[in-house]
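Okay, structure first, notes after.
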Amino acid sequence: MNIGKMKYRITLIEPVYGDDGVGGRPKIDERKREVWADVRASSFSRSKQIKAYDTPVAQDSRTIYIRKNAGKDISRGWKVKVGTNLYEVKSVDDLQPEYLILSVMRVEIGV
0 MNIGKMKYRI TLIEPVYGDD GVGGRPKIDE RKREVWADVR ASSFSRSKQI
50 KAYDTPVAQD SRTIYIRKNA GKDISRGWKV KVGTNLYEVK SVDDLQPEYL
100 ILSVMRVEIG V
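If you're matching positions, the sequence shown starts at 0 in numbering that gives the first Met the number 0 and goes up one per residue.
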């Protein structure tokens with residue numbers, strides 16, 4: 000991975016659990032930090048069938064490369080904002096010495 004290809008500014012969002020005062024733990028998304036990344040369309044993106052209607056639905060998944068020291072604590076369930084689109088981290092590959100590979104799926108479409 001050529002670090003010079005990291006031309007997208009993304010926001011990493013960590014899920015944080017709060018206290019509502021009556022024993023509940025509501026999930027609050029908290030902005031963690033902004034980092035430089037290389038964002039690519041995933042080659043394994045496919046359509047899935049919705050069982051109720053048997054309708055093909057396109058899923059927008061991406062592969063995101065970031066420096067390892069910028070995201071050493073990222074795990075499944077975090078969110079990543081790329082432009083106006085919000086993605087959820089599905090897996091984190093940390094086998095490369097200099098960078099992390101995040102597999103993400105879009106959860107919200109930007110306006």
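Quick reminder that beta carbons are idealized off the backbone N, C-alpha and C, glycines included. Here the structure is a predicted model, which means the values were calculated and not measured.
For isoleucine 12 and lysine 78, the gap between their C-alpha atoms comes out near 5 Å. Shown here for valine 88: same chain residues with a beta carbon closer than 8 Å to its own, the five before and five after excluded, namely Ile73, Ser74, Arg75, Gly76, Trp77, Lys78, Val79, Leu101, Ser102, Val103 in chain order. Per DSSP, reduced to three states, the secondary structure at lysine 31 is strand. Minimum Cα-Cα distance from threonine 10 among the listed residues Glu97, Gly70, Gly3 corresponds to Gly70.
Burial of valine 34 is indicated by the presence of at least 16 other C-beta atoms within 10 angstroms of its C-beta. For lysine 4, the secondary structure class from DSSP, reduced to helix, strand or coil, is helix.
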